Amino acid sequence: MKTIGIYGGTFDPIHTGHLITARSVCDIRKLDKIIFIPSFISPHKTDRISSSPKHRINMLKLAVKGIPYFDYSDIEIKKKNISYSIDTIQAFKSSYKNIELIIGYDNLIVFDKWKNPDELLKLVQLVVLRRKAKEEKSQQNKYFKKAIFVETPLIDVRGTDIRQRVRSGKSINFLVPQKVKAYIYKHNLYKEKA
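In this text, residue positions in the sequence shown follow my numbering: the first is 61, and each later residue adds one.
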């Protein structure tokens, strides 16, 4: 039975940090593939998304094209509203029995505030990205005991920094895949402050 990883985010833009981290998780957890799912609107982030859903999905397509262990889904984009992981996972359960939900350590700290977290954990194995040697221990909740922690390379690349570099006319070489970089410049993304 195939096991997939679900990796959600804004992916504005998808960058090498996302890809290297996903590859690492895929290897460590022996996943058949990882599906990147860009959110239309994240229920956990209050900052504005800088580029349209169409551009974000197009950049994601370019980034994963030809990589057999990566895929993408526009399920949350198509909703055109806030999406919750529980709903997305339930939609995938008809096609995949074994699903691992990949989240960052920062999301685990607030996992108790997610929609139906206990129900969600009946459907998935929670995999938490641990990028720092020492994470804050004082903010633990009951979900820490149910999570599998994976050590991934510390790739300090942030979408915010990439958008700022584009706005400032600085190079984004090696921060995003070459095809994504070309797409950003072709469509004049991130030139204006959001």
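Glycine included, every Cβ here is placed at the ideal spot set by N, Cα and C.
Here the structure is a predicted model, which means the values were calculated and not measured.
**Prompt:** If you count every other CB in all the chains shown that lies within 10 Å of the CB of residue 116, and 16 or more means buried, which is it?
**Reply:** buried
**Prompt:** Is it buried or exposed for residue 218, if we count other Cβ within 10 angstroms and need 16 for buried?
**Reply:** exposed
**Request:** Specify, as a first and last residue, the run of the alpha helix (DSSP H) that residue 179 falls within.
**Result:** 177-183
**Asked** How do the stretch 223-242 and the stretch 198-215 stand: do at least 3 beta-carbon pairs fall below 8 Å, yes or no?
**Response** no
**Prompt:** Could you give the uninterrupted runs of the alpha helix (DSSP H) lying entirely in the stretch 122-156, keeping only those of 4 residues or more?
**Reply:** 135-139, 145-153
**Request:** Could you spell out the range, first to last residue, of the alpha helix (DSSP H) harbouring residue 250?
**Result:** Where residue 250 is concerned, there is no enclosing alpha helix (DSSP H), given that its DSSP letter is neither H nor E.
**Message:** Once DSSP output is grouped into helix, strand and coil, what is the label at residue 239?
**Reply:** helix
**Prompt:** Does DSSP classify residue 93 as helix, strand or coil?
**Reply:** strand
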